[in-house]
Every structure is written in structure tokens, then in C-alpha cells.
Amino acid sequence: MYKTKSQSCFPSLTESAHKRNRIYLFSSLVLLRAVRDLLRVVRVFTFSLLYSLYL
């Protein structure tokens, strides 16, 4: 089909906004997982260090 002048090759504003929201949601989930894993590593390291000091 041919596009008329009113139809643009670019996606509508709502489509691009939804894509941006998905990207932001995905990035924030990845960041939260990274922070959670880092805190888990710090917790394990701290407990193992404290345990070794009491031996």
C-alpha cells in the first residue's frame, strides 16, 4: 500500500512512548538485579569475614 502524506513513515507518538517505557522498565530491572546481587555478595563476604575473625 502507498502511504498518503498524512501517514508518516515514523511510528506514532504513543508507539514510541510505549517502546521507551519498555526500555526504561527493562533497564531499571537490570539495574535492580545488579544492585541486589552486589548487596548479596557484600553480605556473604561480611558474614564470612566476621565468622573467620571469631575462629
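If you read the sequence shown in full-length UniProt numbering, its first letter stands for residue 1, the second for the next number, and so on. Ideal Cβ placement from N, Cα and C applies to all residues, glycine included.
CA-to-CA distance, residue j to residue i, given in whole angstroms
i, j, result
"Lys-19", "Ser-28", "14 Å"
"Thr-14", "Ser-48", "51 Å"
"Phe-26", "Tyr-54", "42 Å"
"Val-35", "Ala-17", "27 Å"
"Ser-52", "Thr-46", "10 Å"
"Leu-50", "Ile-23", "40 Å"
"Tyr-21", "Arg-33", "Strictly speaking, residue 21 in this sequence is Asn, with Tyr absent from that position. Taking the straight line joining both Cα atoms gives about 18 Å."
"Leu-31", "Arg-40", "14 Å"
Task: Runs of alpha helix (DSSP H) wholly within the segment 9-44 (minimum 4 residues, chain order) - done: If we require 4 residues or more, the segment 9-44 turns out to have no alpha helix (DSSP H) run fully inside it.
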